[in-house]
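K.L.:
Okay, handing you the structure first.
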Amino acid sequence: MTPLLLHACCAPCSLEPVRHLREEGFEPTICWTNPNIQPTDEHQRRLAELRRWCRETGIELIEAAEDYAAWERCVAPIGARRREQRCRACYALRLAEACRVAEREGFERIATTLAVSPYQWFETCNAVLEKLAGAHGLTPVIRDWRPWYPEATRRSRELGMYRQNYCGCRFSAAEAALDRARLRDERKAAHHS
Ligand code: SF4
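Residue numbers (our numbering): 641 to 833.
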């Protein structure tokens, strides 16, 4: 098996990447560094679920440094209007730390679960990973796991995993709430027409 460091945003999003990477002959070690997740309770809840799943599945978990002040300084000021730019900066902050860990721990390959969800910016995320991995002398392992997102949803429900309904930051919590309200309105309108 080829060792690989897999940056993970949460347990449910790790299910399918770990399964596919193992099928390909990789042995993933998970790296957690997500200073974007707000509020603190939510951050701890996602981390606790990942710890539990890693323990039960026999996957090594590295809990890396999390620079909350850097997130507020480099990501938050981009704000709600420029969503893709904000997410790009957010990916970069987290993946830079994961690349530092990979280099320090002697990994040659790195991947991330960040683009598993179809709600994420797939191309942007991969471009950020490619650039940072190159700067650290690492090989980025980039795969499209989005077709397995429904399977990840199904399996995580089956396993009784905690599943969040927003990406992580306070902007995404508000954006997800608005999206849900819009969908509710559309369904109501369709029902009455
Ligand atoms: S929506 Fe997600 S990826 Fe984008 S800035 Fe917020 S936490 Fe980061």
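Using N, Cα and C, we set each Cβ at its ideal position, and we do this for glycine too.
1. Hey, would you say G739 sits closer than 8 angstroms to L772, going by beta carbons?
2. Could you please give me the residues that DSSP links to T779 through a beta bridge?
3. Going by DSSP in three states, E700 sits in which element: helix, strand or coil?
4. Just to confirm, are Q804 and R662 a CB contact at a threshold of 8 angstroms?
5. With respect to 7 angstroms, is the separation between the Cβ of F811 and the closest non-hydrogen atom of ligand 1 below this value?
6. Considering C714, what are the terminal residues of the alpha helix (DSSP H) in which it resides?
7. Can you tell me where the alpha helix (DSSP H) with L646 in it begins and where it stops?
8. Are the Cβ atoms of C618 and A755 separated by less than 8 angstroms?
9. If contact is defined by three or more beta carbon pairs under 8 angstroms, each pair taking one atom from either stretch, is the segment 672-687 in contact with the segment 729-743?
10. Between the C-alpha atoms of C650 and S833, what's the straight-line distance to the nearest angstrom?
11. Where does P668 sit, in a helix, a strand or coil, going by DSSP?
12. Using CA atoms only, rank isn't needed, just tell me which of G746, E770, P679 and I750 is closest to P657.
13. Mark H831 as exposed unless 16 or more other C-beta atoms lie within 10 angstroms of its C-beta, in which case mark it buried.
P.N.:
Taking the geometry as given:
1. The sequence given here has Cys at residue 739, not Gly. In this structure, L772 lies closer than 8 angstroms to C739 by Cβ.
2. T779 is bridged to R749.
3. Correct three-state label for E700: coil.
4. Judged by their CB atoms, Q804 and R662 are not nearer to each other than the 8 angstroms cut-off.
5. Yes, Cβ of F811 sits closer than 7 angstroms to a heavy atom of ligand 1.
6. Unbroken alpha helix (DSSP H) run through C714: Y708 to C714.
7. No alpha helix (DSSP H) holds L646; the beta strand (DSSP E) holding it covers T642 to H647.
8. Residue coverage of the chain in this structure runs from 641 to 833, which leaves residue 618 outside it and unanswerable.
9. Using a C-beta cut-off of 8 angstroms, the segment 729-743 makes contact with the segment 672-687, since at least three inter-stretch Cβ pairs fall below that distance.
10. Using only the alpha carbons, I get a separation of about 40 angstroms.
11. Strand.
12. It is I750 whose Cα lies nearest to the Cα of P657.
13. Classification of H831: exposed, given that the 10 Å Cβ count is below 16.
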